[in-house]
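Numbering (the numbering used here), first residue to last: 2 to 164.
The next block holds one structure in the form of structure tokens; read it before the comments.
What follows is the structure, encoded as structure tokens:
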């Protein structure tokens with residue numbers, strides 16, 4: 002009986018030690034790098050996970066590896082104006098920096114299409130990767146303006162509504 006008990010104690014001790022060594026040898030959570038290529042970035046906030054936010058981020062930031070549902074980018078356009086953009090989902094892996102082309106310079110795009118007796122105008126402000134930005138201001142004066150001419154005569158004018 003004593004022999005069976007000592008074998009059981011040894012087996013339990015081995016099992017505990019094996020479990021401890023497995024837990025000790027688990028790799029620590031790894032980090033990866035995001036390289037931000039763009040100008041005038043005042044804030045970069047990850048969506049999901051920790052929701053980490055970086056004010057006036059450097060060109061290279063270290064974040065936990067994994068898949069992120071996106072990020073929010075805030076730009077300083079000068080004169081107290083800011084623009085907010087969204088980056089779609091991306092994956093950060095160790096030892097392979099992820100390059101995100103966000104921020105300035107921004108490009109204005111306008112599309113016009115006739116529909117019945119109306120003209121539909123669509124305005125976008127996009128970065129080099131095609132991410133769309135919107136003015137953070139709700140002031141009517143900050144929205145982009147347009148004018149429609151026919152034969153040199155202005156026939157319509159106004160400001161775009163965002164959204």
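By construction, the Cβ of each residue, glycine as well, lies at the ideal position given by its N, Cα and C atoms.
Rounded to whole angstroms, the Cβ separation of residue 63 and residue 104 is 19 Å, and the two are not in contact under 8 Å. In the structure shown, residue 108 falls within a strand segment according to DSSP collapsed to helix, strand and coil. For residue 91, the enclosing beta strand (DSSP E) covers residues 91–93. With fewer than three CB-CB distances shorter than 8 Å, the region 52–59 does not count as touching the region 114–132.
Assignment of residue 161 by DSSP, reduced to helix, strand and coil, places it in the coil class. In the three-state reduction of the DSSP assignment, residue 144 falls in the coil class, being assigned neither a helical nor a strand state.
The Cβ-Cβ distance between residue 100 and residue 127 does not fall below 7 Å. The residues 92, in chain order, have a CB closer than 6 Å to that of residue 68 in the same chain once the five nearest residues on each side in sequence are set aside. Residues 71 of the same chain have their beta carbon placed closer than 6 Å to that of residue 89, with the five preceding and five following residues left out of the count. In this structure, DSSP gives residue 151 an extended state, which the three-state scheme calls strand.
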